[in-house]
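Only one structure is covered here, and it is reproduced in the block below.
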Amino acid sequence: DGGITQSPKYLFRKEGQNVTLSCEQNLNHDAMYWYRQDPGQGLRLIYYSQIVNDFQKGDIAEGYSVSREKKESFPLTVTSAQKNPTAFYLCASNQGDRSYEQYFGPGTRLTVT
Amino acid sequence: AQSVSQHNHHVILSEAASLELGCNYSYGGTVNLFWYVQYPGQHLQLLLKYFSGDPLVKGIKGFEAEFIKSKFSFNLRKPSVQWSDTAEYFCAVVTDTGKLIFGQGTTLQVKP
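For the protein sequence lines, the chains are A and B, in the order given.
Using the numbering used here, the first residue of the first sequence is number 1379, and each one after it goes up by one.
Using the numbering used here, the first residue of the second sequence is number 2, and each one after it goes up by one.
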């Protein structure tokens, strides 16, 4: 069954700690994306990668980092520099061409206290 | 800067009522347009999309949307909503650079 998996579903961290969110896809998609969803603000792009070993900043990259060492995996690290990290994080992927829809994972809800 | 605006943030309807959710985008180039839906506890999923051709596109579950280029709009419609349509709806546009830009979302609550 093809799809995108994100783990864990819920994550709790103390302020000042870095935390890494997992995203794996078995759709053989070239491109992967990370979004942050906040109430009333829709989804905002954090980082995206169109090919292995390459990635670009999205609109709100500050305080986040990513890696793309394998086609299937695109982990997101929320660093202690992110001022307001509590949010719902969504990972997506597509073939990489702008005409292809993006497929989304179930999301990870991160709470930092 | 490119942006997408959804006018209605929270809509409450009774079953069988008609639905229209507004979406406007600000981008002068060629666009691909999408409506995504997020049902409670489920993944964000594609409702319908417009790339070219007939500006009236039909999606899943009886939804449709009309692309009006002159108005930079892509409004979502459904003639008769059901309780199961309760969800959050997002309009999105892909620009020439390939980035997907989302609107703020509209929460639809359908009363049985």
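C-beta atoms are modelled at their ideal positions from N, C-alpha and C, and glycine is treated no differently.
Would you give the residue range spanned by the beta strand (DSSP E) that residue i belongs to?
i, result
"B/Trp36", "33-39"
"A/Asp1432", "1432-1435"
"B/Tyr28", "That residue, B/Tyr28, is in no beta strand (DSSP E); it is neither H nor E in DSSP."
"A/Asp1408", "Element bounds for A/Asp1408: n/a, residue is neither H nor E."
"A/Ser1503", "Lying before the first or after the last residue shown, residue 1503 of chain A is absent from chain A, which here runs from 1379 to 1491."
"A/Thr1457", "A/Thr1457 -> no beta strand (DSSP E), and no H or E assigned at all."
"A/Phe1494", "The structure shown does not extend to residue 1494 of chain A, since chain A is modelled only from 1379 to 1491, so the question has no answer here."
"A/Thr1491", "First-last for A/Thr1491: undefined, no H or E at that position."
"A/Gln1384", "1382-1385"
"A/Gln1428", "1420-1429"
"A/Ser1451", "Taken as a continuous stretch (DSSP letters only), A/Ser1451 belongs to no beta strand (DSSP E), as it is neither H nor E."
Who are the neighbours of residue i on chain A, taking C-beta pairs under 9 Å?
i, result
"B/His10", "Gly1418"
Would DSSP call residue i helix, strand or coil?
i, result
"B/Asp86", "helix"
"A/Tyr1481", "strand"
"A/Leu1468", "strand"
"A/Ile1438", "coil"
"B/Thr108", "strand"
"B/His11", "strand"
"B/Glu16", "coil"
"A/Asp1475", "coil"
"B/Gln46", "strand"
"B/Gln3", "coil"
"A/Glu1447", "coil"
For residue i, which residues in chain B fall below 7 Å Cβ to Cβ?
i, result
"A/Leu1484", "Checking the sequence shown, residue 1484 of chain A turns out to be Pro, not Leu. Simply His44."
"A/Gln1480", "Leu101"
Using a cut-off of 8 Å between C-beta atoms, extract the partners of residue i located in chain A.
i, result
"B/Phe75", "Simply none; closest approach about 15 Å."
Residues of the region 1450-1475 of chain A with Cβ closer than 7 Å to any Cβ of chain B, in chain order: Taken in chain order, the members of the region 1450-1475 of chain A whose beta-carbon sits within less than 7 Å of a beta-carbon on chain B are Leu1468.
Counting only runs that start and end within the region 49-103 of chain B, where is the beta strand (DSSP E) found for 3 or more residues in a row? List check, beta strand (DSSP E) in window: 57-59, 65-69, 74-79, 88-95, 101-103.
Quick one, which residues of the region 100-111 of chain B are near chain A if we go by CB-CB under 7 Å, in chain order? Residues of the region 100-111 of chain B with a C-beta atom less than 7 Å from some C-beta of chain A are Lys100, Leu101, Phe103, Gly104, Gln105, Gly106, listed in chain order.
Name the residues in the region 1394-1423 of chain A whose C-beta lies less than 7 Å from a C-beta of chain B; which are they? Flagged, chain order: Gly1418, Gln1419, Gly1420, Leu1421, Leu1423.
Pull out every residue of the region 49-79 of chain B whose Cβ sits closer than 7 Å to any Cβ of chain A, in chain order. Of all residues in the region 49-79 of chain B, Lys50, Phe52 have a Cβ within less than 7 Å of some Cβ in chain A.
With 8 Å as the C-beta to C-beta threshold (strictly closer), list the residues of the region 14-36 of chain B near chain E in chain order. Any reference to chain E falls outside this structure, whose protein chains are A and B.
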